[in-house]
Every structure is written in structure tokens, then in C-alpha cells.
Amino acid sequence: MAAYSAYSDQELTVLLKQGDQYAYAEIYGRYVKGLVRFAETKLYSLEDARDLIQDVFVGLWSDRDSLEINESLKSYLFGIVRFQIINRIRKNIVREDYAAKLRALSPAYVSLEEELELKELESNIKAKLSELPEKTQAIFQKSREQHLSIKEIAEELNLSEQTVKNQISIALKYLKKSFSAFFFTIFW
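Written as C-alpha cells, this is what we have:
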């Protein structure tokens with residue numbers, strides 16, 4: 112493995128495309144710290160930065176066959192991280208927007224009729240969630256009701272963090288599809 116440290120980024124990229132795990136490990140070792148530092152300065156959270164960089168390197172490995180690196184490997188990786196940071200910030204803005212709209216529906220301003228409608232919606236959500244596989248239900252419940260982090264859920268259920276993210280995403284997509292007409296009328 113020590114020989115890989117002598118390879119140029121171009122050579123490592125060629126080996127990576129061929130599925131060479133040692134080349135991948137060398138690329139990771141060369142750039143992970145710098146990428147995490149860069150992401151942390153933009154996200155203001157070391158944990159978020161590490162999660163983002165982990166996702167970038169997982170993507171690098173899974174898309175290695177179709178890599179098209181026209182600049183230096185370093186520029187390519189920092190470009191991907193920059194793009195992912197922008198996406199994450201954009202998602203957080205949307206979440207904050209929805210949170211503000213939900214706060215506007217706080218119990219202090221909710222009429223009895225609205226309170227009953229919210230309880231009915233809650234019941235409908237639980238019913239829809241019960242249609243999902245047990246594993247997906249358990250992960251979603253731990254995330255949304257127990258407020259556990261992805262890492263905590265993964266450790267508790269002995270799953271990979273990516274599996275936990277995928278299961279939460281499946282549940283959210285299912286709920287979104289099931290209740291899209293309802294949310295459209297509330298939020299628009």
C-alpha cells in the first residue's frame with residue numbers, strides 16, 4: 112500500500128476507475144481532512160461535514176466506472192463537496208421554511224376544529240406508516256418520534272448509516288405521495 116503514496120492523482124484515478132481499493136484508500140487519505148475542514152467552514156458543524164464527506168466518498172466509489180475528471184482530482188473533489196454543501200444549505204432553508212409554517216399552526220392559535228383535524232391527520236399518518244415494512248417503521252419512528260440521529264439509529268439497530276438514511280427517505284417519499292394533496296392545500 113505504501114507504493115500508492117508515490118502515485119500521482121492521475122494514476123490513482125485510472126486505478127480507481129479499474130476498481131482498485133488501495134487507490135481509493137490513498138485518495139481518501141490524501142484529501143479527507145482537507146475536505147472535512149472545507150465543509151465544516153461552510154456548514155459550521157463537524158458532524159455534518161463528516162457526514163457530507165462520507166457521502167461524497169461513497170459516491171466516488173460507487174460511480175468510479177463513469178468518472179469524468181477533466182481537471183485535477185483535488186479540484187474535482189472540492190467541486191463535488193461545494194455542490195453538496197449548496198444542496199444541503201438549500202434543503203435546510205426549505206426545512207426552516209416548513210418549520211416556520213408549522214409553528215404558525217402552534218396549539219396557541221389552533222381552534223378546536225383545527226385541533227381535531229390535526230389529530231385525524233396524525234392518525235392517518237400512523238395508519239399509512241403501518242403499511243410500510245416493520246424495519247422502515249421502526250427506523251422512521253426512532254428518527255421522528257424519539258429524535259435519534261442517523262448515527263444513533265444505525266448503532267442501535269446494527270445497520271449502516273446509509274441504510275438508515277435510505278429507510279427514512281423511503282418513509283418520507285411514501286408519506287409525501289400519500290398526503291401530497293393535503294399538504295398542497297395547507298402549504299400553498
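In terms of the numbering used here, the sequence shown opens at residue 112 and continues consecutively.
The C-beta atom is built at its ideal place from N, Cα and C for all residues, glycine as well.
Are the beta-carbon atoms belonging to residue i and residue j less than 8 Å from one another?
i           : j           : result
residue 146 : residue 135 : no
residue 178 : residue 142 : no
residue 120 : residue 183 : yes
residue 278 : residue 237 : no
residue 123 : residue 138 : yes
residue 281 : residue 264 : no
residue 169 : residue 273 : yes
residue 289 : residue 230 : no
Note down, in chain order, each residue of its chain lying with its Cβ closer than 7 Å to the Cβ of residue i, except the 5 sequence neighbours on either side.
i           : result
residue 276 : 261
residue 284 : none
With H, G and I counted as helix, E and B as strand and the rest as coil, what does DSSP make of residue i?
i           : result
residue 280 : helix
residue 296 : With a pLDDT of only 47 at residue 296, under the threshold of 50, the placement of this residue in the model should not be trusted, and no figure is reported.
residue 133 : helix
residue 269 : coil
residue 125 : helix
residue 195 : helix
residue 260 : coil
residue 180 : coil
residue 200 : helix
residue 188 : helix
residue 119 : coil
residue 302 : In this structure the chain extends from 112 to 299, so residue 302 is not present and cannot be described.
Grab the span of the alpha helix (DSSP H) containing residue i for me, first residue to last.
i           : result
residue 161 : 157-173
residue 250 : 245-255
Just to confirm my understanding: we take residue i, look at its own chain, exclude 5 residues before and 5 after, and list those with CB closer than 8 Å. What are they?
i           : result
residue 267 : 253 and 259
residue 163 : 150, 154, 192, 195, 196 and 199
residue 241 : 248
By Cβ distance below 6 Å, which residues in the same chain neighbour residue i in space, the five residues on each side in sequence not counted?
i           : result
residue 297 : Since pLDDT at residue 297 reaches only 47, below the 50 mark, its modelled position is unreliable, and the value read off the structure follows with that caveat. Closer than 6 Å at the Cβ level, and outside the excluded window around residue 297, lies no residue.
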